[in-house]
Each structure stands twice: as structure tokens, then as C-alpha cells.
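The listed protein sequences derive, respectively, from chains G and P.
Numbered according to our numbering, the first sequence spans residues 93 to 356.
Numbered according to our numbering, the second sequence spans residues 31 to 390.
From the three backbone atoms N, C-alpha and C, an ideal C-beta is built for every residue, glycine too.
Input: a single structure, listed below in C-alpha cells.
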Amino acid sequence: MKLRTENLGWGINGKKIIDNLDLHIREGDCIGIVGPNGSGKSSLLRCIYRVNKPSSGTILLDEENIMRLSTREMAKRAASVLQESTDQFEFRVREVVMMGRNPHKGLLDRDTEQDKSLVSEALSRVGLADFADRFYSTLSGGEKQRTLIARALAQQAEFLMLDEPTNHLDIHYQLEIMELIRTLDVTSLVVMHDLNLAAQYCNGVYVMNGGKIHTFGPPEEVLTAEMIRKVYRVNASVNRQPETGKLNISFYHFQSKGICSTSK
Amino acid sequence: MQTGLSFFARLELRTLPYRQTGVFILFLGVFLFLSMSMAVSIGSVSLPLERVWSIIFHQLFPESMPGDWPRNEIGIVWQIRLPRVILGALVGAGLAVAGTTIQSLVRNPLADPYLLGISSGACTGAVLAILFISRILNTKLSGVYSISFLAFLGAVLAFFLVYMIAQSSNGLTPMRMILSGLAVSYVFMAATNFMIYLEQRNGATSAIFWMLGGLGGARWEKLLIPFVVLLGSMSFLTMQARSLNSLLMGDENAIVLGVNLNRFRLTLFVVTSVLTGALVAVSGSIGFVGLVIPHLVRMIVGSDHRKVLPVSAVVGAIFLIWVDVFARTILAPRELPLGIVTGFLGAPFFIWLLRRKSKS
């Protein structure tokens, strides 16, 4: 499933948060959106999963304007893993993942054997097969995140959006989750902070700054020391990792080089 | 706060798997039927169960058997106790269902059917009817009807006030709904108290008694509206059970799971308001049931609304039937207001549940 946005804009109280965004995401892509805090990454994603109502422009999912789709039709096509999470009411992991089937269900439909096997499959894919009967609220941050990814898998949507999916995860699961996302047979759009993960797992990266797209391209072309200095206001040295040949970026503050030393 | 709230939800007796839930509901249904029969047989004049059933059967199918019971016993069973027990079941079921739904609507375990100001509006209407209107019309019968009618009118007025205050460009958000409901509640409560203050020498006690809740006014004609409203809202909510589940995961999660959030929340608000308004209009405000029954049921069957809604309805019905039996027998011939009994009986029970869990 491919996604295209044209001239997309959204703001709050007259202030433009994102402006004039044109995204082109091809079928099967795994695209990262990176950028400093407040650059509009999450606002962009929220426009696409329809929590924010764009003030201008269009969002086309397979050339269909998503604003014309019902919420349910949209949920059949696009699944999202969000940062928002509440656990004041107790659900079992199995029940949370089963909610992924909701958009496919009519008012009187019951859970079928097929729904149940989709749920078990999704749970084993994220390594939580033994957690099905645990309470969601008793899980660790990483387990919760994987539960929500399993829910998105059970949703069987061809387009997947994730808002900082590796937040709270240890290194093992950061790599595990990104590996999982890349190997899924879907088009995915991932908002992330970690440039090294973006370099390793995404085949395209949008760099956002000040509500606009700064650059777009394959990670090797986009994630340069220059871009990082300009957008993130830190220095970086960009090397290749000897084992994988992927980018390996490390950062240091301007001050540690002694440029802005205490002389006055 | 967060931990405090989730503590309520984390209480658990034992969560039943899907297949056993059906058996459980069946068992509860049988228990409900027995409770209703026993509640009809218990009272100042005690009647054996067998006679209760015979009288009811004879009333339903007069041809089938000769009816040679004393006239007063027929009156007690058919005119007084049975409508009252049925009303108790309807109100108990309705409060539990409304409570379950409102807790999901505002995503807050401490919510109950009276949170959003609807019952305060209904109380104001009812007290207005009791203290002023019925005296002007000066007939008892019209008094009874004007109480229910004005109570419902008050509920509708409160609904529109809360809706207008809570409505914003983002639709209805839980926090705005709770705060608007609170504000509207206070206004109506002040109006009610003002009327009681004005009329403290003429019948204010009957107004206060009404507000504390009771099933004393039950008669067959009064059952139709609560029955239809309960049936309607129950079937609607059961069909929306999946969306109610999604709503508990958070607003944005509900949207990405295919719930049209603003429209759904407004519909739920309308449905729970009509339900609460109809119940308060016939029974006054009976506290505790709508708050605690949903939690009690979640401890047994989990949070899935497909299970919580039907089980809450039956448990709420059983609970209120027995509360009413207690209320009319403990100080007989006087009747305790139900709101007092639900507080005295229910709260310690709930505390016991809390303590029991924290020990293990």
C-alpha cells in the first residue's frame, strides 16, 4: 500500500506546526521520520492516523483520500502503534490483541476460530506467546510495546504507522522490533529518535525540522554530519560499521570541542 | 492517583474464560429468578413460594386453574410486590449498565451514573413536582405521574446543559465532561436544596425521602418505560461492546481501532442520560449500585464489555432486589430509603473485597 501527501499542513490556534509536506512512500517501503523535538514528526503521523484534521492538503492512501474513508475503513487499511497507553482497566494481553480485529467485525459478530489463530500468530511473532493470559498492566514497557505491535499485526492492515516504537526498549528489543517491522509484508512509517536505528533498518528517511521536510533520501545520503549539525545543533562523526557496512553515527556537543570555551 | 485508580481495577477474584461465561450467566439467571420469587414471598405477610407462583400463574392464565386464594393475598402478590420486585430488577440492572458504560465513556473507574449531572437535574424536577406542582393540581394520582415526568424533564435539561458546556472543537473530552457534569450538578443541587428550604414545613420530608431512593411507588403502568429504555440501551450497548473496549485503551487508540470517537462518545452520552433519567424518574437516586457492581463484575469476568454488560445487568438486578427486601423488612412496617441501605450494605462489602485482595 502506498502513501502520498500533497501540501499537507496542520496547526493549532492559528500557529502552523507542520506546513506544506509532500511525502511519497512506495509499496513495501520502511520509512523513518526523524527530527528534533517539536519538529512536527508526531503531528504529521497524527494527521495520517486521523487524530489531527489537516488544515490544508490531502493524504492519499493508494490514491484514495483518507478523509473520505470512514474511521472503520481506515482502520482496516492502516494500523498504528501509538505512545498513548492507559491501563486503568484490566485487559489480558490476548484481549488487547483481539481488539485489532474490531474494525473487521460487524455489530453482532463473535470471535471466530480464524480471529483466535490470528491473535496467537501475532503474539508468537512478537515473542509473547506465553504472555497471552497475563494482564496488560503488569507488563514491562517493552512487553506493552510488543503487545501493541501484535495488535497492529492482528489488524491485518497493509499500512503500519509507529510512533517511537523503540522507546523504553532495551537494545535487544530495539533491534528485534525494528527487524520485525522491516520483515513484515507491509508498508511502514516509523517516527523515531535513534538515527542509528533509522540508518540500519529504514530504506528511506525524512528529516523534519521546524514543521517542514529538511531532506529526504536513503539513510546513507541523508544522515550526514552536516545535516546533523544543522538540524540537531550537535557535531557528529559518521562512519561505517565494520560488520554490517551500515552507518554508525556518534555525537558530541559543540562545547566539548572547546569552540565556545569560557574565555570572555 | 494512577496507582490508586488501577488498584481498583486490578482486584480480581478469578477471570472466567469465554466458554464458562455463558454458564455463569445462565446460573445467574436462575439465581435472579429465585431471588425475584423469594422477594415476592417475603414481607409483612409472608407467603409460601408455591402460592406466589400459583397466584402469578393464575393472573397470567386465568383459565388454566381455579383461583381460590384470599383476595388480599392476590392483591399483595400481583398489585404490590411483583411490580415492585420487577421495578427493582429493572433499576438495579439499569444502574449497573449505565455505570459500566459511563466508566468507559469518561475512562475513569470512579465514575457512576450520577457523575454527569443527569440525576441532579432529575432530582430538581422531582422535588419541584412533589413540593409545588402536585399541590397545585391537588390530586395524588397526577402527583405520581408529574414526579416522573418532571424528573425526566430535569434530566433532559441537565443533559443539554452539560453537553453545551462540555462541547469543544475536539468533541467531548472525558475531563470536560466530568467537570461540566460536576458544575451542572452543583447548580441543580442548590436549586433542589433551595426548594426544600422554602418548604421545610410543608412536605419537605417527602421530597428528601424521594431523593434517597425507593421502589415504593411501583405499579404495573410504571414499569413500561424503564423496561423499554433498559431493553433498548442494553441491546445498543451490547452491539457496541467492542468499541467500548477500544475506548478504554485511550482516545487515539480507539480512533486507530476504527471508532468514530466524537460520534460514539456523544451517542453514549445520550444513551446513558436517557437510561439514568428514566431510572431516577421512577426510583430516585440510589447510589453505590452503578459504581460498585461494574467493578465487582470485572473482578470476576475481566474488562471485556461483551461479558461485563450482561453480567452487570443480572448482578445489579439481583443486588437491588435483595437490598429492597432488606429495606422493607428490617424496620417493618417502616421502609428504609434504598440509598441508605446500598451505602450501609454495599460499602462494607466493597471494603471487605479490597482487604481480602490486599492480604493475599
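Beta-carbon neighbours of Q206 of chain G, restricted to chain P and to distances below 7 Å | The residue labelled residue 206 of chain G in the question sits at position 114 within the first sequence. Near Q206 of chain G there are no residues of chain P at all, since even the closest Cβ is about 15 Å away, more than 7 Å.
Using a Cβ cut-off of 8 Å (strictly closer), state whether S333 of chain P contacts chain G.
-> Within the second sequence, the letter at position 303 stands for residue 333 of chain P. Judged by the 8 Å Cβ criterion, S333 of chain P is in contact with chain G.
Return the bridge partner residues of G219 of chain G from the DSSP annotation.
-> Here residue 219 of chain G corresponds to residue number 127 of the first sequence, with the count starting at 1. None; G219 of chain G has no bridge partner.
Could you name each continuous beta strand (DSSP E) segment of 3 residues or more that falls completely within the segment 157-237 of chain G, going from the start of the chain to the end?
-> 170-173
Are the beta-carbon atoms belonging to L267 of chain P and V301 of chain P less than 8 Å from one another?
-> The residue labelled residue 267 of chain P in the question sits at position 237 within the second sequence. The residue labelled residue 301 of chain P in the question sits at position 271 within the second sequence. Yes, these two residues count as a Cβ contact at 8 Å.
Short-range partners of chain G found in the segment 269-288 of chain P, where Cβ spacing is below 8 Å | M269, Q270, R272, S273, N275, S276, L278, M279, G280, D281, E282, N283, I285, V286, L287, G288
Does any residue of chain P bring its CB to less than 8 Å from the CB of N327 of chain G?
-> The residue given as residue 327 of chain G occupies position 235 in the first sequence. N327 of chain G does not count as touching chain P.
Could you tell me whether the Cβ atoms of I285 of chain P and R142 of chain G are closer together than 8 Å?
-> Against the second sequence, residue 285 of chain P aligns to sequence position 255. Against the first sequence, residue 142 of chain G aligns to sequence position 50. Cβ distance < 8 Å, so I285 of chain P and R142 of chain G count as in contact.
Could you tell me whether any Cβ in chain G is nearer than 8 Å to the Cβ of R137 of chain P?
-> Position 107 of the second sequence holds residue 137 of chain P. It does; some Cβ of chain G falls within 8 Å.
For W83 of chain P, the nearest candidate out of P:M68, P:S74, P:L183, P:V331 (CA to CA) = For the purposes of this step, residue 83 of chain P is taken as the residue at position 53 of the second sequence. The shortest C-alpha separation from W83 of chain P is found at P:M68.
Span of the beta strand (DSSP E) around D277 of chain G = On the first sequence, position 185 is the one that residue 277 of chain G refers to. First-last for D277 of chain G: undefined, no H or E at that position.
Looking at W250 of chain P and the ligand FAD, is the gap between the Cβ and the nearest heavy atom below 7 Å?
-> The model on display carries no ligand, and the ligand FAD is accordingly not part of it.
Check the Cβ-Cβ distances between R101 of chain P and every residue of chain G, and say whether any is below 8 Å.
-> For the purposes of this step, residue 101 of chain P is taken as residue 71 along the second sequence, with counting starting at 1. It does not; no Cβ of chain G falls within 8 Å.
Mind pulling the chain G residues with CB within less than 8 Å of R328 of chain P?
-> Here residue 328 of chain P refers to the residue found at position 298 when the second sequence is read from its first residue. Chain G residues near R328 of chain P: F181, E182.
Using a cut-off of 9 Å between C-beta atoms, extract the partners of M191 of chain G located in chain P.
-> The count along the first sequence starts at 1 and reaches residue 191 of chain G at position 99. Residues of chain P passing the Cβ test: R272, N275, S276, M279, N283, L287.
From the DSSP output, in three-state form, read off F343 of chain G for me.
-> Locating residue 343 of chain G in the first sequence gives position 251, counting from the first residue. Note: F343 of chain G maps to strand in three-state DSSP.
Residues near Q247 of chain G by beta carbon distance below 6 Å, same chain, minus five either side | Numbered from its first residue, the first sequence carries residue 247 of chain G at position 155. Correct list, in chain order: A171, G192.
Is the shortest distance between the beta-carbon of N290 of chain P and the beta-carbons of chain G less than 8 Å?
-> Start at 1 with the first residue of the second sequence, and residue 290 of chain P comes out as number 260. Taking Cβ atoms only, chain G reaches closer than 8 Å to N290 of chain P, which makes this a yes.
According to the neighbour-count rule (16 or more other Cβ atoms, all chains shown, within 10 Å of its Cβ), is D225 of chain G buried or exposed?
-> The residue you call residue 225 of chain G lines up with position 133 of the first sequence. With fewer than 16 other Cβ atoms within 10 Å, it is exposed.
Does the separation of the CB atoms of S212 of chain G and A221 of chain G fall below 8 Å?
-> Translated into positions along the first sequence, residue 212 of chain G becomes position 120. Translated into positions along the first sequence, residue 221 of chain G becomes position 129. Yes, they are a contact pair.
Can you check the segment 177-217 of chain P for any beta strand (DSSP E) of at least 3 residues that lies completely inside it and give the ranges in chain order?
-> none
From the DSSP output, which residues share a beta bridge with V126 of chain G?
-> Reading the first sequence from its first residue, position 34 is the one you call residue 126 of chain G. Partner(s): G:V299.
Can a CB atom of chain P be found closer than 8 Å to the CB of E187 of chain G?
-> Along the first sequence, one-based indexing puts residue 187 of chain G at 95. Interface residue, yes.
Backbone CA spacing between D277 of chain G and N275 of chain P [nearest angstrom] | As a working mapping, residue 277 of chain G is identified with position 185 in the first sequence. As a working mapping, residue 275 of chain P is identified with position 245 in the second sequence. Rounded to the nearest angstrom, the two C-alpha atoms are 28 Å apart.
Taking the alpha carbon of G309 of chain G as the point to measure from, which residue in G:V126, G:N99, G:G101 has its own alpha carbon closest?
-> Taking the first residue of the first sequence as 1, we reach residue 309 of chain G at position 217. G309 of chain G has its Cα closest to that of G:V126, out of G:V126, G:N99, G:G101.
Taking C-beta to C-beta, are V326 of chain G and Y344 of chain G nearer than 8 Å?
-> Here residue 326 of chain G refers to the residue found at position 234 of the first sequence. Here residue 344 of chain G refers to the residue found at position 252 of the first sequence. In contact: V326 of chain G and Y344 of chain G (Cβ atoms closer than 8 Å).
Where the alpha helix (DSSP H) through K145 of chain G begins and ends | Working through the first sequence from its first residue, we reach residue 145 of chain G at position 53. No alpha helix (DSSP H) holds K145 of chain G; DSSP gives it neither H nor E.
Whole-number beta carbon distance between A185 of chain P and V214 of chain P, since they are thought to touch under 8 Å | Stepping through the second sequence from its first residue, residue 214 of chain P is reached at position 184. Stepping through the second sequence from its first residue, residue 185 of chain P is reached at position 155. That pair is no contact at about 11 Å.
With 8 Å as the threshold, decide whether the Cβ of L171 of chain P is near any Cβ in chain G.
-> The residue you call residue 171 of chain P lines up with position 141 of the second sequence. The predicted position of L171 of chain P is uncertain, since its pLDDT is 49 and thus under 50; a value taken from the coordinates is nonetheless stated next. Taking Cβ atoms only, chain G never reaches closer than 8 Å to L171 of chain P, which makes this a no.
Is the beta carbon of P367 of chain P less than 8 Å from the beta carbon of G244 of chain P?
-> For the purposes of this step, residue 367 of chain P is taken as the residue at position 337 of the second sequence. For the purposes of this step, residue 244 of chain P is taken as the residue at position 214 of the second sequence. The answer is yes: Cβ separation under 8 Å.
Among P:E103, P:G129, P:W108, P:I381, which one has its Cα closest to the Cα of V345 of chain P?
-> Here residue 345 of chain P refers to the residue found at position 315 of the second sequence. Comparing Cα positions, the closest option is P:G129.
Got a sec? Which residues, its chain only, sit under 7 Å from D111 of chain G by beta carbon, not counting five neighbours each side?
-> Walking along the first sequence from the start, residue 111 of chain G turns up at place 19. For D111 of chain G, where only same-chain residues beyond five positions count, the Cβ hits under 7 Å are G101, G303, K304.
Could you give the distance in angstroms between the alpha-carbon of A271 of chain P and the alpha-carbon of L202 of chain P?
-> The residue you call residue 271 of chain P lines up with position 241 of the second sequence. The residue you call residue 202 of chain P lines up with position 172 of the second sequence. Straight-line Cα distance between these residues: approximately 20 Å.
8 Å Cβ shell around G233 of chain G - same chain, five flanking residues per side excluded = Locating residue 233 of chain G in the first sequence gives position 141, counting from the first residue. The residues are N259, H260, L261.
Where L199 of chain G meets chain P, residues with beta-carbon distance less than 8 Å | As a working note, residue 199 of chain G is residue 107 in the first sequence. Near L199 of chain G (Cβ distances below 8 Å), the residues of chain P are M269, Q270.
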